[in-house]
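Before any comments, here is the structure.
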Amino acid sequence: IINPIHDDSNKLLKVGITQLASKKLNEIMIADNSPNLALKINVESGGCHGFQYILSLSDVNGDNMELVDTENSIFLRDGAKVIIDKSSLEILKESTIDYVHELIGSQFKVVDSPYTTSSCGCGSSFDVDFEKLS
């Protein structure tokens, strides 16, 4: 973890990255000839269940080094990088980042979140159990 972030009780906030997600990110890095490519995940209010995941690919290099600051952690697996800001990480902690193949297509997805109470059918919008979270 680059720039590890801890909660108020000094517990490390972290997420897991599956081997499949790591493999796909590495394939994209090679295909785009972008060795500094990272998957950036943000949690924002919105969607049909109150919160939504915003996933994007960012180049952590040169002009975009602001992604590596005290408000972001970078999680690594086999060369793949996932960037999550502190407020999003507080909700995503203990979740797993995966790459899933479904009938509607393939995508990176947040799975196994212990603090998500429900989500929409596509999985991009969700509710948070704030009692469990605190």
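In this note's numbering, the protein residues as written are -4 to 129.
All C-beta atoms, glycine included, are put in the ideal place defined by N, C-alpha and C.
Quiz item: DSSP three-state call for K104: helix, strand or coil?
Solution: Of the three classes helix, strand and coil, the one that applies to K104 here is strand, per DSSP.
Practice problem: State buried or exposed for T111, treating a residue as buried only when at least 16 other CB atoms are found within 10 Å of its CB. | Solution: When all chains shown are included, T111 counts as buried.
Exercise. Measure the alpha-carbon distance for Q14 versus D93 and round it to whole angstroms.
Key: Using only the alpha carbons, I get a separation of about 8 Å.
Practice problem: Please say whether F103 and L52 have beta carbons closer to each other than 7 Å? | Solution: 7 Å or more divides the Cβ of L52 from the Cβ of F103.
Quiz item: With distances taken between CB atoms, is the gap from S90 to D73 smaller than 7 Å?
Solution: With contacts defined as CB atoms closer than 7 Å, S90 and D73 fail to qualify as a contacting pair.
Practice problem: Sort V38, I25, E97 by Cα distance to K131 and report the nearest one. | Solution: Residue 131 cannot be examined here, being either before or after the span of the chain that is shown, -4 to 129.
Quiz item: How about I78 and I69: do their beta carbons lie closer than 7 Å?
Solution: Yes, Cβ-Cβ distance for I78 and I69 is below 7 Å.
Quiz item: The alpha helix (DSSP H) spanning K127 covers which residue range?
Solution: Its alpha helix (DSSP H) spans residues 125 to 128.
Quiz item: Which same chain residues, not among the five before or five after S40, have their C-beta less than 7 Å away from its C-beta?
Solution: Excluding positions up to five away in sequence, the list reads F46.
Quiz item: If you drop the 5 nearest sequence neighbours on each side, which residues of the same chain put their C-beta closer than 6 Å to that of G11?
Solution: The residues are T91.
Quiz item: With I(-4) and L84 assumed to form a contact (beta carbons below 8 Å), what rounded beta-carbon distance in angstroms separates them?
Solution: The beta carbons of I(-4) and L84 sit about 11 Å from each other, so the pair does not count as a contact at 8 Å.
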